[in-house]
Structure formats: C-alpha cells, structure tokens
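Using the UniProt record's numbering, count along the sequence shown one by one with no gaps and you end on 154.
Ideal Cβ positions, reconstructed from N, Cα and C, are used throughout, including at glycine.
The next block holds one structure in the form of structure tokens; read it before the comments.
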Amino acid sequence: MRNISDIIEQHLKSILTESPNGAIEIQRSELADLFQCVPSQINYVINTRFTVQKGYIVESKRGGGGYIRIRKVQIVSKARLQELLTEELIGETITQSVGNAIVERLLEEGLVNNREATLMKIATSRAVLTVDTEVRDRLRANILKQMIAAILLK
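As structure tokens, then:
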C-alpha cells in the first residue's frame, strides 16, 4: 500500500502531465482537504518530490489568495542539459541523495534506461565510495559528470 505522500505526488504529476503549458497552480489548503491531510503534508511532498534536481520549479505565494505553482522544466537540448547538470546542479561536490535525484530525472526523461540508472546509482553510492565524506562527495560529482557526458554524447 502506498503512503499519502506517494499518492499526493502521483496526483500532482498526473495533473501536470495533462496541463497544456506544463505548469499547475494549486492551493495548499484545497489539496489538503482533498487528501484529508494537514497542509504541512502538502509542503513536505512539494519540498521533497518537486525539486530542481528532479526537474521542477516551484513558486509559492502565501496569503489569502495564495497558491503554489509547479512547473516541469523542459529540456531544450542535450548540450544545455549537460551544462545545467554538470555546472549548476552537480558542481564540485554532490551528496548521494541529490545525485540519485539527478539520475532519476535522467530516467524519467528517457535519457538513461533502468539498467544504466541502477549502475550510476551503485557507482556513486556510499557502499562503493568508501572514503572520507569530503573526498566521497567530490568523487561522486566527478563520476556523475563523466557518466552524464558519456551518455548525452551517445
């Protein structure tokens, strides 16, 4: 059985998919009422499942007529994607959770298959990179950058 966060995430992704402009505006309280949960549960889902690393831009306006706007970032070209990933999102170091989120985005976009995604995650995992945290996060960033470059060039 799926938990409420998974259900809310799937609901938002499905209405995003149906949106003609790739964006949706929701009201936190209305969504909380729909799923019979507290508004902080909606915040949790949006803050953890709709991140830049996963390919979303979230804007929020608080107050009486407040809303949350979620937009899926469209990939313009492989070159721009590689630049965005390697220079802006990965940088010099990257944590395992952020690295995995980037790999998931590549999988969602069809740029890698399940096997490649699994290999990328394993190669950059703590279990494989058994060195100090600072060195591990730097190694992970370098490995991911090289893997992404090789994949996007194919």
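- When DSSP states are grouped into helix, strand and coil, I68 belongs to the strand group.
- Taken through DSSP and simplified to helix, strand or coil, E25 comes out as strand.
- Taken through DSSP and simplified to helix, strand or coil, K61 comes out as strand.
- Close CB contacts of A32 within its chain, under the 8 Å cut and outside five residues either way in sequence, are with V38, P39, Q41 and I42 (chain order).
- Spanning the alpha carbons of A150 and E30 requires a straight line of approximately 44 Å.
- In this structure, the beta-carbon distance from R136 to L144 does not fall below 7 Å.
- I68 is the residue among K61, I68, Q36 and R62 whose C-alpha sits nearest the C-alpha of I46.
- Annotated as proximal: I70 and I24, with beta-carbon spacing under 7 Å.
- When the alpha-carbon of M147 is set against those of R138, L119 and R49, the nearest one is in L119.
- Straight-line spacing of the CA atoms in R2 and Q10 works out to 10 Å.
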